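With our numbering applied, the sequence shown has no gaps in its numbers, which climb one by one up to 433 at the end. Even for Gly, the Cβ is constructed at its ideal location relative to N, Cα and C. It should be emphasised that the depicted structure is a prediction, and the values quoted were computed from it without experimental measurement. Below is one structure, written out as C-alpha cells; the observations come after it.
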Amino acid sequence: MSESAKLTLSGKEVELPLVKGTENEVGIDISKLRGQTGAITLDNGFGNTGSCSSAITYLDGEKGILRYRGYPIEQLCEHSNFLEASYLSIYGELPTLPQYKDWERNITHHTMIREDIKKYWDAWPHTAHPMATLSSVVSALSTFYEDSGDPWDPREVEIAIHRLIAKMPTIAAYAYKKSVGQPKVYPQNKLGYAANFLNMMFSMPTEDYEIDPIVEKALDQLFILHLDHEQNCSTSTVRIVGSSHANLFASVAAGVCALWGPLHGGANQQVLEMLEAIHAAGGNVDQFVARAKDKKDNFRLYGFGHRVYKNFDPRARIIKKTADQVLERLGVNDPLLEIAKKLEEVALSDPYFIERKLYPNVDFYSGILYKAMGFPTKFFTVLFAIGRLPGWIAHWKEMIESPATKIGRPRQIYTGATERPFVPISQR
Ligand code: CMC
6 MSESAKLTLS GKEVELPLVK GTENEVGIDI SKLRGQTGAI TLDNGFGNTG
56 SCSSAITYLD GEKGILRYRG YPIEQLCEHS NFLEASYLSI YGELPTLPQY
106 KDWERNITHH TMIREDIKKY WDAWPHTAHP MATLSSVVSA LSTFYEDSGD
156 PWDPREVEIA IHRLIAKMPT IAAYAYKKSV GQPKVYPQNK LGYAANFLNM
206 MFSMPTEDYE IDPIVEKALD QLFILHLDHE QNCSTSTVRI VGSSHANLFA
256 SVAAGVCALW GPLHGGANQQ VLEMLEAIHA AGGNVDQFVA RAKDKKDNFR
306 LYGFGHRVYK NFDPRARIIK KTADQVLERL GVNDPLLEIA KKLEEVALSD
356 PYFIERKLYP NVDFYSGILY KAMGFPTKFF TVLFAIGRLP GWIAHWKEMI
406 ESPATKIGRP RQIYTGATER PFVPISQR
C-alpha cells in the first residue's frame with residue numbers, strides 16, 4: 006500500500022499521509038487539508054473520523070473483538086477484577102502485587118465524601134434522576150478538592166483519580182438512599198469495591214445485610230465490561246472538555262451527562278422500560294418489532310444496534326451468560342427475561358435487522374441482571390457510569406499527556422442566510 010492518499014480538488018492534487026495503527030487500521034491524515042485546499046471534510050456523527058491516536062482500547066466491530074491494553078475482555082472478566090482492570094486501563098500495564106496493593110489502598114481510603122456534600126441531596130427532590138445528581142456532585146468535587154484540580158501536576162492528577170474512583174459509588178448510593186427516603190450508609194473500607202457499593206445501596210441500620218458473593222462477582226464483572234469502549238460519545242465528551250484544560254472532575258461530570266442519553270448509556274433504562282411496556286401490552290413482541298421497523302414511528306428497539314459492532318457485541322455475550330447464572334442463583338423467574346429472549350429471536354431472524362446488522366448490544370441483558378440484583382430502573386445508567394469512569398480517566402490522562410493534543414474545535418459547513426441588512430423592528 007502506498008504511504009499516502011491522493012485527493013484531487015478543483016484540478017489540484019494534494020497528497021495526504023496515511024497513519025497506521027498497531028492492528029493495521031489505516032487513517033488518512035487530513036490535518037493539512039484546509040491549509041492546502043481551503044476545503045474541510047464533513048462527517049455527520051464522526052462515523053469515519055478519528056479524533057486522536059489512542060493506545061487504550063482496541064475493538065473490531067466486524068469480528069466482535071474488545072481488548073483493553075491488548076488483553077481480551079473475556080480473559081479480564083474471568084481472571085481479573087474491576088480495580089485491577091481500572092489500573093490497567095489508566096496506567097497501561099497490569100499492576101505488580103505491591104502496585105496493586107497500593108492502588109487498592111489508595112482507592113479504599115478515599116471513599117468518604119465531605120459531610121457538606123451531602124447537603125446537596127437535601128435541596129433536590131427525591132424524584133431527581135440519579136444521573137443529574139451524579140453529574141452535579143462530580144462537578145462539585147472540584148469546589149471541595151481544589152488541591153487536586155491542576156491538570157499539569159502529576160501528583161494532583163493522581164489524587165484526583167483516587168478520589169473520583171473511590172467516591173463515585175458513595176455518591177451514587179447516596180442518590181439512591183435519598184430517592185427511597187432511607188438513611189445514607191457510610192462506606193466500609195474493609196469491603197471490596199463492588200461489595201462496598203452493594204452495602205451502601207442495600208444495607209439498613211435495622212438489620213444485617215449479607216453480600217451474596219455471586220452478585221458481588223457479577224457486578225464487578227459488569228463494571229469491567231463497561232470500563233472502556235474507545236471514542237464513544239461520553240469518552241469523546243470527556244476528551245473534548247479536557248482539551249480546553251478543564252480539570253478532571255469537570256471533564257468527567259460532562260461525560261456523565263453525555264452517557265445519560267437514551268442512545269448511549271441511557272439505553273439500559275430504556276430497554277427495561279420497553280420490556281415492561283411489552284409485558285403490559287400482553288407480551289406481543291411482533292407489534293413492537295413492527296413499530297421499530299416503521300420509519301414514521303420514532304420508536305427503536307432499545308438494546309439493539311451499535312455504531313461499531315456489526316456482527317455481535319462481545320459484552321452482550323458475557324452478560325447473557327452471567328444473567329442466566331445470577332437469575333438461577335437468586336431464584337428469579339422474571340417474565341421480562343422470556344420477553345427479551347423472544348424479542349432477540351424475532352429481531353435476529355427478521356430481514357430488517359439482519360440487513361442492517363442490528364444485534365443485541367451491552368444494554369440488552371444488563372437491565373434484567375440489574376433488576377434481579379435489586380437496582381431500580383432509573384438507576385441503571387449510574388451503574389454504567391461507575392464502570393465507565395476509569396475509561397474516561399484513562400482517556401483524559403492520555404489526552405493531557407499527549408504532545409499532539411490540541412483544543413477540540415471542529416469546523417462546519419455554514420448553511421444559513423448570506424449577508425443581509427438589518428431591518429428595524431417597525432418594518433418587520
Ligand atoms: N431499532 C430499529 N432500527 C434501528 C435500530 C434499533 N435499535 N438501530 C438502528 N436502526 C436502523 C436505523 O433506523 C437505520 O435504518 P435506515 O438505514 O433504514 O435508515 C439503520 O438501522 C442504521 O442506524 P443508525 O441510527 O444510522 O446507526 P448508528 O450507528 O448511527 O446508531 C445506535 C447506533 C446504537 C445509536 C442505534 O443502533 C440505536 O439507536 N440503538 C438503540 C439504542 C441503544 O441500544 N443504544 C446503546 C448502544 S450500546 C451502549 C453504548 O455504547 O452506549
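- Excluding five sequence positions before and after Ile324, the CB atoms of its chain that fall closer than 6 Å to its own CB belong to Tyr370, Ser371, given in chain order.
- The shortest C-alpha to C-alpha distance from His134 to any of Pro426, Arg393, Val428, Thr386 is the one to Thr386.
- Membership of Leu394 in the alpha helix (DSSP H) is indicated by the continuous run 385-406.
- Bounds of the alpha helix (DSSP H) holding Pro340 are 340-354.
- When secondary structure is reduced to three states using DSSP, Tyr105 falls in the helix class.
- Taking a cut-off of 8 Å for Cβ pairs, the stretch 226-239 and the stretch 415-426 do not touch, as fewer than three such pairs fall below it.
- Ordered by chain, the residues meeting the criterion of a beta-carbon within less than 6 Å of a non-hydrogen atom of the ligand CMC are Gly50, His234, Asn237, Leu268, His269, Gly270, Ala272, Ala297, Arg305, Leu306, Tyr307, Gly308, Phe309, Gly310, His311, Arg312, Arg361, Leu363, Asn366, Val367, Asp368.
- In this structure the stretch 390-397 touches the stretch 209-229; the number of beta carbon pairs closer than 8 Å is three or more.
- Taken atom to atom, the span from the alpha-carbon of Met404 to that of Ser248 is near 7 Å.
- Taking all protein chains shown into account, Asn53 has fewer than 16 neighbouring C-beta atoms within 10 Å of its C-beta and is therefore exposed.
- Judged by pairs of C-beta atoms under 8 Å, the stretch 56-64 does not touch the stretch 197-217, as fewer than three such pairs exist.
- Annotation for Arg74: no beta strand (DSSP E) segment contains it, and DSSP assigns it neither H nor E.
- Annotated three-state conformation of Ala422 is coil, per DSSP.
- The continuous beta strand (DSSP E) containing Ala10 extends over residues 9-14.
- Sixteen is the threshold: since fewer than 16 other Cβ atoms of the shown chains lie within 10 Å of the Cβ of Ile430, the residue is exposed.
- Assignment of alpha helix (DSSP H) within the stretch 231-271, counting only whole runs of 4 or more residues, yields 238-247, 253-265 in chain order.
- Between the stretch 400-415 and the stretch 182-201 there are fewer than three inter-stretch CB-CB distances shorter than 8 Å, so the stretches are not counted as touching.
- Taking C-alpha positions only, Lys25 is separated from Lys411 by approximately 20 Å.
- Secondary structure of Phe304 (DSSP, three-state): coil.
- In the DSSP annotation of this structure, the continuous segment of the beta strand (DSSP E) that includes Pro22 starts and ends at 17-25.
- If you draw a 10 Å sphere on the C-beta of Ser239, you find 16 or more other C-beta atoms in it, and that means buried.
- Taking C-beta atoms under 8 Å as the contact rule, Tyr364 and Phe309 qualify, at a distance of about 7 Å.
- In this structure Met209 is exposed. Its beta-carbon is surrounded by fewer than 16 other beta-carbon atoms within 10 angstroms.
- A buried status is given to Arg320, since no fewer than 16 other beta-carbon atoms sit within 10 Å of its beta-carbon.
- Our two residues, Glu350 and Gly270, have alpha carbons roughly 23 Å apart in a direct line.
- Secondary structure of Val31 (DSSP, three-state): strand.
- Annotation: Val162 to Glu333 spans about 43 Å, alpha carbon to alpha carbon.
- The beta carbon of Ala180 sits closer than 6 Å to the beta carbons of Pro135, Thr138 from its chain, once the five residues preceding and following it are set aside; these are given in chain order.
- Here Asp217 carries a coil assignment [DSSP, helix/strand/coil].
- Excluding five sequence positions before and after Lys124, none of the CB atoms of its chain fall closer than 8 Å to its own CB.
- Only residues of its own chain outside the window of five on either side were considered, and among them Leu64, Gly66 have a CB closer than 7 Å to the CB of Val313, listed in chain order.
- Per DSSP, reduced to three states, the secondary structure at Thr138 is helical.
- About 11 Å separates the beta carbons of Leu14 and Thr46, which is beyond the 8 Å limit, so they are not a contact pair.
- In this structure, the straight-line span from the alpha carbon of Ile78 to that of Ser85 is close to 10 Å.
- Taking 8 Å as the cut-off, the Cβ atoms of His115 and Ala178 do not count as close.
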